[in-house]
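Peer 1:
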Amino acid sequence: MSTLTVPADNSFQFSQLWRDGRYRSYTIQIIALVATLSVVMMLISNAVGNLEALGKDFNFGFLFQSAGYDIGQRLVEYSPVSPHWKAALVGLLNTLLVAFLACVSATVLGVFIGILRLSSNWVVSRLMAVYIEGVRNVPLLLQILAWYAVVIHVFPKPKQAEPALGGVLVATNRGFYIPAFTYEGAYPAVVAVLLSSIAGVFIFRSWAKKRQEATGQILPVGLYSLTLLVVPAGFVYFIAGMPIGLELPTLKGFNYVGGIKASASLVALWLALTIYSGAFIAEIVRAGIMAISKGQSEAASALGLRPNRILNLVILPQALRIIIPPMISNYLNITKNSSLAIAVGYMDLTGTLGGITLNQTGREMECMLLLMGTYLVISLSISGVMNAYNESVKLKGR
Amino acid sequence: MNENSFAFVATSDKPQLPAPQGMTGTVGWVRQNLFSSPLNTALTLLSIFAVYSVVPGLIDWAFIKSVWNANSLDECRQVSDGACWAVIRERYHQFLFGFYPPELYWRPVLAFVLLCAALVPALWDGMPKRGVALLFSLAFPFIAFWLIWGGLGLDPVSSSELGGLLLTLIIGVSGISFSLPIGIVLALSRSSDMPVVKSLAIIFIEFIRGVPLITLLFVAHVLLNYFLPKGVNFDIVMRVVIMVTLFASAYMAEVIRGGLAALPRGQYEAADALGLGYWQSMRLIILPQALKISIPGIVNTFIALFKDTTLVLIIGLMDPLGLVAPTLADQRWNGIYVELYAFIAFMFFIFCFAMSRYSMYLERKLHTGHH
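Just so you know, the protein sequences line up as chains A and B, in that order.
For the first sequence, position 210 (counting from the first letter as 1) is numbered 210 according to this note's numbering, and the numbering increases by one without interruption.
For the second sequence, position 13 (counting from the first letter as 1) is numbered 13 according to this note's numbering, and the numbering increases by one without interruption.
This is the structure in structure tokens:
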């Protein structure tokens, strides 16, 4: 009788390193690591040598020098004498601003289009298909430039612009103006009441849900929530003598002043990102809803649920699980695509840190490192937050 | 009791009547699909109104009232207010070839014809003598490089003269053909058991996916020379191709990894049970199925890459979109942006739409009904 014997350790041969499964993976990994490290070392030593040859050093001191350029669209105080890091901060906030606006509006548009695309109405669903295919197959950069051209050529000069929607929106070729809130007097009281109302709505909703699960009785949650939100805050608002007002944009000289200004480039970028990403989100929503088998909605209607309840209680909770992961990567794409702002002169992070600051200081290495690092942090945090949310709604395996 | 005594009791089946006129045929279809409820009716009318208010005007503008013969925008506008396609007629060669020397146009054209020939064996698997033809496909990049840039007997053409659709196709086609194999290797590395290889792949993929393409192009534009040994200088088009390829391959890796993960565990175990080695099982069992599942994602990545080639205008290359600014800067064509953007959009639409239709065809063809 023969038995299998493990070869003794002392019979190790050199060829075992790549012929023996026990050692091969170590060999491959060591080779991969050494190769990668040597390439990285070579790149770094090249960079050090080249920088030295050009007489450049590697430090971030330039960030504290005065930037010397102005930024029209800004969310925080900034002037040309501010340092470069402040310019980069303004750019970062602008990136986040347009990304946030576009994510919200693209989601609304995309869900709307996606549901219409699924409609049994042939004309409507064809029309939506034309929109989706037309928008998805044309480069985003082209759409941004085209919308920018539309905004600056089609809308009138500030002097001739007519306020629309009862003075609330002024669309000019220099940008759009919307009213701003003004705060005075006892406004903290109103804000505090509003915040506690919002908290109250959440508590009420979870209570109503528990009650429904226990007793089966359904409260008009939407109506009650709205009342809770509006009535106390409105009461305090009038008691305190209307401390929060609206400042309408008004024409002064050649330009509008007051209110919040969204520059033409921001409007164009936001429109283009919304319309482009809306088409992608529509396809995600459509795929998510179509993935829920028809049996689910038929079973729900056999139980006697009304169509809107079928959508809310049966289809959407299941579809969301499928929709969320691609939605995350879509939001990431919107954020990264907002860097195309540089083509229309919107001062986002790429335009400030990777554009004017880089050109003025000649610090390519430092600027690019900071720029890529910042985008990396933004991307990783968005995907971290969204993945956590995804975990919480995921089907729990048993 | 006589069974005929009740006159109102039928003694035989009535002949079956066809369904009511209003419920079948076109009328029935229209009633059920377009006007089944008030909301549906409103949507239908709204859509028809939208189509009616846009399409006739568009056709009028683009075809009926369009002007093809003019030397400037003013001349166009004097004739009619339709589209002034004269600018395309005057400059189409620029939009196709950039500033490539006109007497050498035959070279990129020949390269394009050869590209089509090289694509046939790659896309059509029923082709006779496919093996030989595939060798030609493999040799094509070198032939195309020689034809476009010249050298070895042909007049050399510098990269700054490349532009238009030619540049888009150079970047797009090389990005597409290199990113797929690199993406496969990265995906296999990321799903391998070896921790070092796996983490290297994760770092690369997550880094590339975490930054916008435009920053990578900036790196190619201003930074890459720092990282190369002194004296070594890549051509700017080459640098862009490298960056676009790296960018696309990270996305490709994630798509393929999705396909690898979607394969049932049993497939891996069956391959092991057959005694196949790693490469054999990957080549014969895992990858053919995983790639098949990932086709829609792969083609979407291709389409995204093709559209992203327009970004090179930001670092000053003259792709079709980059040629808009010089055209508008011409006194005669100042303000003609709608026609230019429409033309370029149409050009990209054709390529991207064709790719997406081909992927749908592949999906249908490869769907063997197991899932």
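The beta carbon of each residue, even a glycine, is placed where N, CA and C say it ideally should be.
Predicted model only: the values in this text are computed from it and were never measured.
1. When Cβ atoms are compared, which residues of the region 20-34 of chain B fall closer than 7 Å to chain A?
2. Quick one: what's got a C-beta closer than 7 Å to B/Met375's C-beta in the same chain, skipping five residues either side?
3. When you compare only the Cα positions, how much space is there between B/Phe227 and A/Leu140?
4. Measuring only between beta-carbons, confirm whether B/Arg239 sits less than 9 Å from chain A.
5. Return no unless some Cβ of chain A is closer than 9 Å to the Cβ of B/Tyr52.
6. Taking the CB atoms as reference points, tell me whether B/Ile303 and B/Val240 lie closer together than 9 Å.
7. Residues of chain B with CB closer than 7 Å to the CB of A/Asn121, please, in chain order.
8. Roughly how many angstroms separate the alpha carbons of A/Gly304 and B/Ser356, rounded to a whole number?
9. Below 8 Å CB to CB, which residues in the same chain sit around A/Gln65 once its five sequence neighbours on both sides are set aside?
10. Which two residues bound the contiguous beta strand (DSSP E) that contains A/Tyr177?
11. Relative to the C-alpha of B/Ile214, which residue among A/Leu349, A/Leu96, A/Leu145 is closest?
12. Taking contact to mean at least 3 C-beta pairs separated by less than 8 Å, is the region 311-321 of chain A in contact with the region 289-299 of chain A?
13. B/Ala253: which of B/Gln267, B/Leu284, B/Gly297, B/Asp272 sits nearest, CA to CA?
14. So that I know if they touch, is there some Cβ in chain B lying closer than 9 Å to that of A/Pro139?
15. Compare the Cα-Cα distances from B/Glu264 to each of B/Leu246, B/Ala117, B/Gln289, B/Ile143 and report the closest residue.
16. Should the region 241-248 of chain A be regarded as contacting the region 176-188 of chain A, the criterion being three or more beta carbon pairs within less than 8 Å?
17. May I ask you to list the residues that DSSP assigns as paired with A/Tyr183?
18. Consider the Cβ of B/Lys230: report whether some Cβ of chain A lies at a distance smaller than 9 Å.
19. What are the residues in the region 273-288 of chain B lying within 8 Å of chain A by C-beta distance?
20. Could you tell me whether the Cβ atoms of A/Ile71 and A/Met347 are closer together than 9 Å?
21. Does the CB of A/Met368 have a neighbour CB from chain E at under 9 Å?
22. What is the rounded straight-line gap between the Cα of B/Gly151 and the Cα of B/Phe343?
23. Can you tell me whether B/Ala19 is helix, strand or coil according to DSSP?
24. Note the first and the last residue of the continuous alpha helix (DSSP H) segment covering A/Asn137.
25. Hey, could you find the ends of the alpha helix (DSSP H) B/Leu169 is sitting in?
26. Under 9 Å between C-beta atoms, does B/Cys352 make it to chain A?
27. On the premise that A/Ile342 lies in contact with A/Gln143, defined as a C-beta separation below 8 Å, what is that separation, rounded to the nearest angstrom?
28. Would A/Arg74 count as contacting chain B if we go by Cβ distances under 9 Å?
29. To the nearest angstrom, how far is it from the Cα of A/Lys336 to the Cα of A/Pro326?
30. DSSP three-state call for A/Ile260: helix, strand or coil?
31. According to DSSP, is A/Gln56 part of a helix, a strand, or is it coil?
32. What is the residue span of the alpha helix (DSSP H) that A/Thr446 lies within?
33. Across the region 82-90 of chain B and the region 48-64 of chain B, are there enough close Cβ pairs to call them in contact, namely three or more that are closer than 8 Å?
34. With distance defined between alpha-carbon atoms, name the residue in B/Pro15, B/Pro18, B/Leu162 nearest to B/Pro101.
35. Am I right that B/Ile148 and B/Arg107 are in contact with their C-beta atoms under 8 Å? What's the rounded C-beta distance?
36. State the start and end residues of the unbroken alpha helix (DSSP H) segment that holds B/Leu217.
Peer 2: Inspection of the coordinates gives the following:
1. Answer set for the region 20-34 of chain B: Asn33, Leu34.
2. Residue 375 of chain B lies beyond the stretch modelled for chain B, which goes from 1 to 371, so this question has no answer here.
3. Distance between the alpha carbons of B/Phe227 and A/Leu140: 31 Å.
4. Interface residue (Cβ-Cβ distance to chain A less than 9 Å): B/Arg239 is not classified as such.
5. Using beta-carbon distances, B/Tyr52 does not count as an interface residue toward chain A, since no partner is under 9 Å.
6. No, these two residues do not count as a Cβ contact at 9 Å.
7. Near A/Asn121 (Cβ distances below 7 Å), the residues of chain B are Asn33, Leu34, Asn40, Leu43, Thr44.
8. Whole-angstrom Cα-Cα distance: 41 Å.
9. Contacts found: Pro83, His84, Thr361.
10. Counting along the chain, the unbroken beta strand (DSSP E) around A/Tyr177 starts and ends at 175-178.
11. Among A/Leu349, A/Leu96, A/Leu145, the Cα nearest to that of B/Ile214 belongs to A/Leu349.
12. Yes, they touch.
13. A check of alpha carbon separations from B/Ala253 across B/Gln267, B/Leu284, B/Gly297, B/Asp272 identifies B/Gly297 as the nearest.
14. The Cβ of A/Pro139 sits closer than 9 Å to at least one Cβ of chain B.
15. The question names Glu, yet the displayed sequence has Pro at residue 264 of chain B. Of B/Leu246, B/Ala117, B/Gln289, B/Ile143, the residue nearest in Cα terms is B/Gln289.
16. The region 241-248 of chain A, when compared against the region 176-188 of chain A, does touch it at the 8 Å Cβ threshold.
17. In the DSSP assignment, A/Tyr183 forms a beta bridge with A/Ile244.
18. Yes, B/Lys230 lies at the interface with chain A (some Cβ there is under 9 Å from its Cβ).
19. Of all residues in the region 273-288 of chain B, none comes within less than 8 Å of chain A when Cβ atoms are compared.
20. Yes, they are a contact pair.
21. As a matter of chain content, chain E is missing from the structure shown, whose protein chains are A and B.
22. Straight-line Cα distance between these residues: approximately 34 Å.
23. If DSSP states are grouped into helix, strand and coil, B/Ala19 belongs with coil.
24. Neither: A/Asn137 is in no alpha helix (DSSP H) and is coded neither H nor E.
25. Start and end: 164-190.
26. With a threshold of 9 Å between beta carbons, B/Cys352 makes contact with chain A.
27. In fact, because the Cβ distance is near 15 Å, the residues do not count as touching under 8 Å.
28. Not one chain B Cβ lies under 9 Å of A/Arg74.
29. Computed Cα separation, rounded: 15 Å.
30. In the displayed model, A/Ile260 falls within a strand according to three-state DSSP.
31. It should be pointed out that residue 56 of chain A corresponds to Lys in this sequence rather than to Gln. Looking at A/Lys56 - three-state DSSP - the assignment turns out to be coil, as it is neither helix nor strand.
32. Lying before the first or after the last residue shown, residue 446 of chain A is absent from chain A, which here runs from 1 to 398.
33. By the Cβ rule, the region 82-90 of chain B counts as touching the region 48-64 of chain B, because three or more pairs are nearer than 8 Å.
34. Nearest C-alpha to B/Pro101 among B/Pro15, B/Pro18, B/Leu162: B/Leu162.
35. Yes, B/Ile148 and B/Arg107 are in contact; Cβ-Cβ is about 6 Å, under 8 Å.
36. From DSSP, the alpha helix (DSSP H) with B/Leu217 extends over 213-218.
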